[in-house]
Each structure stands twice: as C-alpha cells, then as structure tokens.
Amino acid sequence: MGVALRDILEDYRQDVDPGTLRGAIAVDAFNALYQFLTIIRQPDGTPLMDGEGRITSHLSGLFFRNINFLESGMRPVYVFDGAPPDLKAETVAKRREVRDAAGERWKEALVRGDTEEAYRQARQSARIDDAIIASSERLLDLMGIPWCVAPSEGEAQAAYMAMQGDVSAAASQDYDALLFGAPSLVRNLTVSGKRRFRGRTVVVRPERIELAAVLNGLSLDREQLVEIAILVGTDFNPGIRGVGAKTALKIVGKGEFEKVLEEKAPEFDPEPVRSFFLNPPVSTDYRLEWGEADREGIIGMLCDEYAFSTGRVEAALEKIGVRSGQRTLDAWF
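Per UniProt numbering, the sequence shown starts with residue 1, numbered consecutively.
Following this line, the structure appears as structure tokens:
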C-alpha cells in the first residue's frame with residue numbers, strides 16, 4: 001500500500017510518454033504482479049486460468065507488457081521482495097486478513113449473482129504465492145530479462161540501483177521508493193493505458209517524480225521527508241491519528257516532529273523506521289544483462305503449458321524481432 005504522500009507530491013508529478021522511457025529501469029516486481037493479478041480478470045472477478053485451474057493473469061501481464069517495454073527501447077529489470085522486516089509484521093498480517101475477507105465476500109457475491117460486487121471484492125483478494133513467483137521468474141528468464149531478489153524490500157533495492165546509476169529510475173506505484181532515496185520514481189508503468197474505473201473508462205499515463213525537485217520545492221531534506229511519512233503512517237508504523245501529509249509537512253517544517261510524537265505517541269520510537277528508510281538492507285550482487293528471448297521456450301511455456309494463444313504470442317514476439325531465425329534483442333537498444 002505504501003505511504004500516503006500524494007497530497008504534497010501533486011505538483012511534482014509529471015506525465016511522461018511511455019515511448020520516451022528508454023534504457024534500464026528497475027521495476028518493483030511484487031508491485032507489478034499485484035497490478036496484473038488485480039486488473040486482468042473476468043467480469044465476475046475470476047482471474048485468467050488455464051485448463052488445470054492455474055492462475056495466468058500475471059503471466060499475461062508480464063509477457064505482453066514487457067513486449068511493449070522492449071519494443072519501445074526500455075530495458076526492465078525486475079526486483080522481487082526478500083524477507084519482510086520485522087517492522088512490517090503487523091502490516092503483513094492486516095493485509096492477509098483483508099485479502100481473506102475479500103475472498104469470502106467475493107464468493108458470497110457470486111452466489112447472489114452480483115457480478116459488479118464480485119469483481120470489486122475479487123480485486124482486493126489478489127495474492128502472490130510461490131507458484132506465481134516461480135512462474136514469473138521463469139518467464140523473465142525466457143524473455144532474456146534480468147531479475148534479482150532483494151534482501152528485504154524490493155523498492156529499497158530498486159532505489160539503490162537507481163542511486164548507483166545502474167538504472168535511470170525505480171518503477172512502482174508506491175511513493176516509498178522516494179523515501180528509500182530513488183532519484184527518480186516512475187509510477188503507472190505497468191498499468192498505463194485505458195482502464196475501467198467506477199463504471200467509466202479512464203486513460204492512465206505513466207508519471208515521473210524527481211526526488212530532488214520534491215526536496216527543493218518543499219524545502220526539505222530526505223530525512224525530513226521520512227519524518228513526514230512516519231507521521232502519516234507507513235508499512236512499518238501506524239502514524240499519528242488525524243495527521244495527513246499536508247499537516248505533517250507543517251509539523252516537520254516547524255521542527256516539531258519530536259514534540260508531536262512525544263505528545264501523541266509517547267511510547268513510539270521512530271528511530272528504527274527512520275533508519276530502515278535511510279539505510280535499508282540492499283545487495284550489490286546483481287547483474288544487469290539482457291539476453292535473447294527464447295522463442296521456442298516462451299511458446300512452450302505459455303502456449304503448450306498454459307494454453308495461451310499461439311498466434312497472439314508469436315505476433316507479440318515478432319514486434320521485438322523474435323521469430324524463426326530470430327534476431328537478438330540487442331538490435332533494439
């Protein structure tokens with residue numbers, strides 16, 4: 001879910017043409033997979049499945065979206081979450097409860113024949129399991145797209161890679177990447193295009209937020225931005241009741257962060273959360289090498305194993321020059 005900083009970041013969100021997002025970008029893998037699993041569903045909320053009942057929504061999103069990326073000249077690298085920090089235990093438990101409850105309401109709505117409610121509840125019940133992770137990593141390997149597993153939070157690892165200059169940006173829906181120090185955050189990358197939202201069609205465009213512009217515009221340093229997030233609430237702490245981003249900005253701007261915490265949450269120690277954002281566990285052991293897409297391997301996996309349309313998969317591969325007697329993807333960069 002991330003941290004609710006939208007109200008103070010509104011002026012720093014810049015729409016970007018997807019075709020201009022070239023070069024290497026680190027994508028928060030779990031964030032992207034949740035988007036695919038949430039959006040790619042039947043009208044009653046049922047995810048895409050093969051004949052054996054295995055979910056394939058994530059594979060459809062991962063394959064066709066990456067084809068678009070590669071065709072436009074972007075080189076994605078996917079960063080998967082490692083073990084969640086102890087600080088996140090309460091958030092993880094609450095999210096599990098929400099998904100479980102939504103799953104039950106989905107079943108009840110299906111029994112009633114309430115398709116609209118079923119779809120809404122189904123979206124909230126999306127979950128990532130070991131099979132989804134393994135099949136995603138396998139497909140990325142076949143597509144010649146690198147991936148790595150972070151020691152902890154994927155967003156922190158993506159931010160580190162961007163700070164090192166190994167990628168041009170971190171891609172995620174959440175603003176946490178800015179707190180972890182990503183110089184550039186790209187949102188809506190995996191969900192851009194036309195989408196149905198509350199009964200109407202909307203166009204979702206990628207947007208970029210530059211950390212330096214945010215800090216300069218708000219007269220903050222990164223530690224102060226983290227303090228604002230702590231007051232609002234993060235995945236690692238509940239925040240102060242009734243304090244939104246704008247109020248938190250005023251509090252931090254006046255130098256009253258510690259004072260407000262002492263008054264409103266005297267038993268809470270902000271240091272572990274602050275330290276985690278400013279110095280998160282990251283790895284330097286990653287390789288950014290993009291290879292050739294394995295045409296036969298991809299068709300074997302998606303079409304033979306998961307019953308994807310052979311015609312659609314072959315047509316998609318041809319967009320990036322992969323056909324019988326295929327060309328290397330390097331020709332596109």
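The beta-carbon is built from N, C-alpha and C at its ideal position, and this holds for glycine as well.
Beta-bridge partners of residue 23 (DSSP): 74. With respect to residue 215, residue 183 sits apart: the two C-beta atoms are not nearer than 7 Å. Shown here, residue 133 sits in a helix according to DSSP, grouped into three states. Of the candidates 10, 64 and 81, the residue whose Cα lies closest to the Cα of residue 28 is 81. If you look at residue 208, you'll find it in the beta strand (DSSP E) that goes 207-210. Remark: C-beta atoms of residue 45 and residue 118 approach each other more closely than 7 Å.
In the DSSP assignment, residue 106 falls within the unbroken alpha helix (DSSP H) covering 89-112. Our two residues, residue 273 and residue 247, have alpha carbons roughly 20 Å apart in a direct line.
For residue 12, the closest C-alpha among the options 251, 231 and 185 is that of 185. By the CB criterion at 7 Å, residue 71 and residue 320 fall inside the cutoff.
Its Cα nearest to that of residue 107, the residue 120 stands out among 96, 95, 120 and 97.
Inter-residue distance for residue 85 and residue 323 is about 44 Å (C-alpha atoms, whole angstroms).
One thing to note: residue 282 has its Cβ within 7 Å of the Cβ of residue 157. At a Cβ-Cβ threshold of 7 Å, residue 8 and residue 249 count as neighbours. The Cβ neighbour count for residue 304, taken over all protein chains shown within 10 Å, is under 16; the residue is labelled exposed.
Secondary structure note for residue 184: it is in no alpha helix (DSSP H), and the uninterrupted beta strand (DSSP E) holding it is 184-187. A Cβ-Cβ distance of about 6 Å is found for the pair residue 77 and residue 167, placing them in contact under the 8 Å criterion.
Sequence-distant partners of residue 235 (beyond 5 residues in either direction) whose C-beta falls short of 6 Å from its own C-beta, in its chain, are 88 and 91. Shortest Cα-Cα distance from residue 278 to any of 115, 241 and 160 involves 160. At the C-beta level, residue 103 and residue 125 come within 7 Å of one another. Here residue 68 is actually not in contact with residue 172; their C-beta atoms are around 18 Å apart, not less than 8 Å.
The shortest C-alpha to C-alpha distance from residue 37 to any of 142, 145, 43 and 55 is the one to 55.
With a cutoff of 7 Å on beta-carbon distance, residue 147 and residue 140 are scored as near each other.
With the rule of 3 Cβ pairs closer than 8 Å, the region 217-225 counts as touching the region 249-260. Looking at the DSSP output, residue 277 sits in no beta bridge, so it has no partner there. Between the alpha carbons of residue 260 and residue 95 lies a distance of about 28 Å. Taking the Cα positions, residue 116 is about 33 Å away from residue 239.
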